[in-house]
Every structure is written in C-alpha cells, then in structure tokens.
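The structure appears below as structure tokens.
In my numbering, the protein residues as written are 33 to 441.
As structure tokens, then:
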C-alpha cells in the first residue's frame, strides 16, 4: 500500500490554512450571505461579489462546522437570501446580486444550485438543536424538491439536464450527468425520498456500462450500449450519458462526489477512489478535475468551450486544479476511512491555497500549476474547513446525513 509521509512542516501548514480559511470567510461574509470571492475591482467586474447558489450553500456547511462563532452564526444568511429569491416553480437561483438583489437562474436552468441548497439545509438542520430549519425552510425545500422531481426521468430515476447547466458551466455534459445525480442521490436520502436505490443502480448501469450493462429493461440496455466504445478509466464512472453521446474524459470531481454522496458504495466506491488515485488527480494538489482534457475538433468538443478563452486543455473545467473540489475529495477519503491518504490530501490542499501568498486562487493550471482565476475564493476556504472537520470527527457530515425519517420535510 502506498505510504503518505507527513512532515512537521505539513502539520504547521495544515493548521495555518485552517486559520486563514476562517479569516477569509469572515472577510467575505455580508448580512446577505457569503460572497463568492474577496471584494476587489476585478471580482466586482466579473460578478463574483454576489451570493452564488452552489458557493453559498457549500460555504454554509464549512461555516457551520468551523469553530468560529461569527461564521457559525452567519452560515444561514446565504441560504435565507437564496430561499427568498426562489422561483415560483421551485428553482433556487444560481446567483443573487448582493447590490441589486436580482436573481439570475442561468440559461437553461442551473440544476446544482438547488441540489446544493437542499444538501446544506439538511446538514445544518441536523447540526442544530431542535430541527429548527424544518420549520423555517420546509416550504422552500418542498418546492425545490418538486422542481427537481420534474427534471427526473420517471423510469431511470436520474436527473436530466442540458449542457453547461451545473458547476462546469462551459463543459458539454448533458443528459444523465454523474455530478448532479450524485447530489440527487444524497438529497433523496436526506429528505427520505423514494427511489434512491433505483438512482444508484441506474447510475451504475448507464454511467459504468462496461461491467453492469445487463441489468434493467430494454431501454436501459440500448442507452448503455451507446457508451460501449468509451475509454475505461480504472473504475471511474462516465461524466455523462445521453443519446449516442457520452463523457469519458474522466470526471474525477464527479466521481469523488459519487463516493461522498453514497452513489458509489462498498466495492464500487473503493474502485472509484483507486481510479482517482491512479489518475493522479491529487498530484501535487487536490484536485485535477478531469483525467484527459477535451481537445478541439474531438467528438466531445463544443464551440462554447472557448468562452472567455479559459477552457483550453488543462485549464478551468477542462483539466484545471480546483482546490474547492479537492476539499470535497479529501472529505470523501476521510469519510470512507482512508485517513492517511486524506491527511496527505489536506496538506496538498493547504499548499494550493497558500500559493501566491495565501491567495486562495479559484483554480490552477493542470500542468504548469500556475495559480489562475479569481483570488480569495470563499468555497476554497469552506471546503478546506469541511475536510479539516472530517479528519477530526468520527461522525461523518455526508454519510450520516442520510438518516432523516421519511416525511419529516
């Protein structure tokens, strides 16, 4: 078994990153919630000084498990702002501008803002005494769940989405997307919804069609057959599957979430974690979000991928290193009992956030390791605190959140 030696310097850096993460979140906290990034002229120009649905929800979890009373108190602010701007159909907004309080729902529906909001509310409700969030956010949660159910295939029990509709908003993933369905599986468990087992089984049949293509009905087998030519990547799920289209770039982040959210359990989950390690996704920093970037003129390439000139191979969503994703990968390792590997990952994560003088850069180039994107990213700090918490507490945040009694909400 591979060893992950820890030095004294690593331990010092890990604890310093914990302190600096708290400081950054306190700096970015407003009465309306946590901003996506540190307030600078560049951040304001690019719209980062706003309450983002997925960012604020993930940050709420990190703030809630911090030891800082200001952050713990402020964890609900962003969730409340997002709830106040929920659409009539139940969708949670992608962005709420903190200055004008206008809600933005993205182009064709940002599906993971609603998913992450539900995940955060359920986790925070479990951490607080008296189940007070059931009363406060119950109606909002029920509308959000109804909107998500409208996106679910009634037989496959998997969410369906369009391209560029989740966190990787200039990637071609569409149809049945691993990342979104990992979160959907967790939400089903958290809220006592029916069909979690079917979601898990059909994700395996459709997104790992190499060894489990015989189960299910005829429609399932036909759809799975479309991906039979996909590259097999050491136990990893495909990033998505649609009619005659699939993603075999190796979505390491989506696969890490599959383990964290219980979509990949037991032997399947262990195989996924081995596949992520084999891909070198945490070398030298957690985590490089794809194994092999999509290149221009390839089967999977889309013209919109050069939007802003930042999704070239090994950049941005197309192979960049994202520390926020690394924090959730380290959490997945810790909650799965891979403590030594998780500790090494946490140290690597601290080094990534420390680059550029503790810049907490949005992402780093997947090959040159150059820090890029917006600095002072709140969710970098938040997922670091989540991973830090996971390594120091025996009660998992994510795996134990799947215990809510049916009908509670």
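Ideal Cβ positions, reconstructed from N, Cα and C, are used throughout, including at glycine.
None of these values were measured; they are calculated from a predicted model.
Proximal residues to residue i (C-beta, below 6 Å), its chain only, five neighbours per side dropped
{"i": "residue 252", "result": "237"}
{"i": "residue 175", "result": "122"}
{"i": "residue 135", "result": "117, 125 and 128"}
{"i": "residue 378", "result": "46, 362 and 419"}
{"i": "residue 390", "result": "52"}
{"i": "residue 71", "result": "81"}
{"i": "residue 296", "result": "290 and 304"}
{"i": "residue 412", "result": "355, 356, 385 and 392"}
{"i": "residue 44", "result": "none"}
{"i": "residue 435", "result": "Note that residue 435 has pLDDT 49, beneath the 50 cutoff, so the model's placement of it is unreliable and the number below is only indicative. Result list for residue 435: empty, nothing under 6 Å."}
For residue i: DSSP bridge partner residues
{"i": "residue 98", "result": "DSSP lists no partner for residue 98."}
{"i": "residue 403", "result": "396"}
{"i": "residue 277", "result": "274"}
{"i": "residue 151", "result": "According to DSSP, residue 151 bridges with nothing at all."}
{"i": "residue 409", "result": "69"}
{"i": "residue 61", "result": "66"}
{"i": "residue 84", "result": "127"}
{"i": "residue 347", "result": "350"}
{"i": "residue 322", "result": "283"}
Residue of the options minimising C-alpha distance to residue i
{"i": "residue 119", "options": "173, 213, 402 and 217", "result": "173"}
{"i": "residue 343", "options": "396, 102 and 298", "result": "396"}
{"i": "residue 257", "options": "414, 95 and 273", "result": "273"}
{"i": "residue 448", "options": "51, 93 and 59", "result": "Only positions 33 to 441 of the chain appear in this structure, which leaves residue 448 out of reach."}
{"i": "residue 320", "options": "131, 203, 100 and 401", "result": "401"}
{"i": "residue 202", "options": "408, 424 and 352", "result": "352"}
{"i": "residue 271", "options": "354, 72, 349 and 40", "result": "349"}
{"i": "residue 393", "options": "355, 427, 184 and 313", "result": "355"}
{"i": "residue 263", "options": "254, 255, 240 and 275", "result": "240"}
{"i": "residue 96", "options": "427, 428, 414 and 426", "result": "414"}
{"i": "residue 105", "options": "79, 63 and 72", "result": "63"}
{"i": "residue 277", "options": "233, 337 and 209", "result": "209"}
{"i": "residue 384", "options": "315, 75, 207 and 165", "result": "315"}
{"i": "residue 76", "options": "207, 48, 132 and 44", "result": "132"}
{"i": "residue 367", "options": "428, 229, 279 and 299", "result": "428"}
{"i": "residue 259", "options": "331, 165 and 341", "result": "331"}
{"i": "residue 40", "options": "403, 410, 416 and 375", "result": "375"}
{"i": "residue 142", "options": "84, 298 and 228", "result": "84"}
{"i": "residue 279", "options": "301, 233, 334 and 113", "result": "334"}
{"i": "residue 165", "options": "217, 213, 109 and 200", "result": "109"}
{"i": "residue 183", "options": "107, 167 and 207", "result": "207"}
Chain-order list of residues whose beta-carbon lies under 7 Å from that of residue i (same chain, five-residue window excluded)
{"i": "residue 373", "result": "36 and 365"}
{"i": "residue 370", "result": "305"}
{"i": "residue 323", "result": "265, 281, 282, 284 and 311"}
{"i": "residue 33", "result": "Per-residue confidence for residue 33 stands at a pLDDT of 45, beneath the threshold of 50, marking its modelled position as unreliable; no derived number is given."}
{"i": "residue 140", "result": "194 and 197"}
{"i": "residue 318", "result": "358, 361, 362, 377, 380 and 381"}
{"i": "residue 137", "result": "119, 123, 125 and 126"}
{"i": "residue 82", "result": "67, 68, 127, 128, 129 and 130"}
{"i": "residue 54", "result": "98, 100 and 103"}
{"i": "residue 424", "result": "none"}
{"i": "residue 42", "result": "379"}
{"i": "residue 115", "result": "169 and 172"}
{"i": "residue 267", "result": "303, 304, 306 and 307"}
{"i": "residue 163", "result": "157"}
{"i": "residue 49", "result": "382, 385, 386 and 416"}
{"i": "residue 292", "result": "360, 363, 364, 367 and 430"}
{"i": "residue 328", "result": "none"}
Whole-Å CB distance - residue i paired with residue j, under 8 Å assumed
{"i": "residue 294", "j": "residue 431", "result": "7 Å"}
{"i": "residue 99", "j": "residue 215", "result": "No, residue 99 and residue 215 are not in contact; Cβ-Cβ is about 27 Å, not under 8 Å."}
{"i": "residue 286", "j": "residue 346", "result": "Actually they do not touch by this definition, with Cβ atoms about 18 Å apart."}
{"i": "residue 180", "j": "residue 146", "result": "6 Å"}
{"i": "residue 159", "j": "residue 211", "result": "That belief does not hold up - the Cβ atoms of residue 159 and residue 211 are roughly 25 Å apart, past 8 Å."}
{"i": "residue 78", "j": "residue 406", "result": "7 Å"}
{"i": "residue 205", "j": "residue 231", "result": "Going by Cβ atoms, the distance from residue 205 to residue 231 rounds to 17 Å, so no, they are not a contact pair."}
{"i": "residue 408", "j": "residue 56", "result": "6 Å"}
{"i": "residue 229", "j": "residue 221", "result": "Not confirmed; about 10 Å, so no contact."}
{"i": "residue 235", "j": "residue 213", "result": "5 Å"}
Own chain partners of residue i with C-beta closer than 8 Å, once the 5 adjacent residues on each side are dropped
{"i": "residue 177", "result": "122, 150, 219, 223, 225 and 441"}
{"i": "residue 111", "result": "65, 88, 89, 92, 149, 152, 153, 156 and 169"}
{"i": "residue 102", "result": "58 and 61"}
{"i": "residue 249", "result": "187"}
{"i": "residue 255", "result": "238, 273 and 275"}
Within-9 Å CB hit, residue i to chain D
{"i": "residue 345", "result": "The structure shown contains no chain D; it is built from a single protein chain."}
Residue i: CB within 8 Å of a non-hydrogen atom of the ligand FAD
{"i": "residue 42", "result": "Ligands are entirely absent from the displayed structure, and the ligand FAD is therefore not among its contents."}
Exercise for the section: Mind listing, in chain order, the continuous alpha helix (DSSP H) runs of no fewer than 4 residues lying wholly within the region 176 to 223? Expected result: Annotation: the region 176 to 223 contains the following complete segments of the alpha helix (DSSP H) (minimum length 4 residues), in chain order: 210 to 222.
Handout entry: Ranges of the beta strand (DSSP E) found wholly within the region 101 to 139, counting only runs of at least 3
Key = Along the region 101 to 139, the beta strand (DSSP E) occurs as fully enclosed runs of 3 or more residues at 127 to 129, listed in sequence order.
Exercise for the section: At 3 residues or longer, and completely inside the region 354 to 384: list those beta strand (DSSP E) runs for me, N to C. Expected result: With a minimum length of 3 residues, no continuous beta strand (DSSP E) run stays inside the region 354 to 384.
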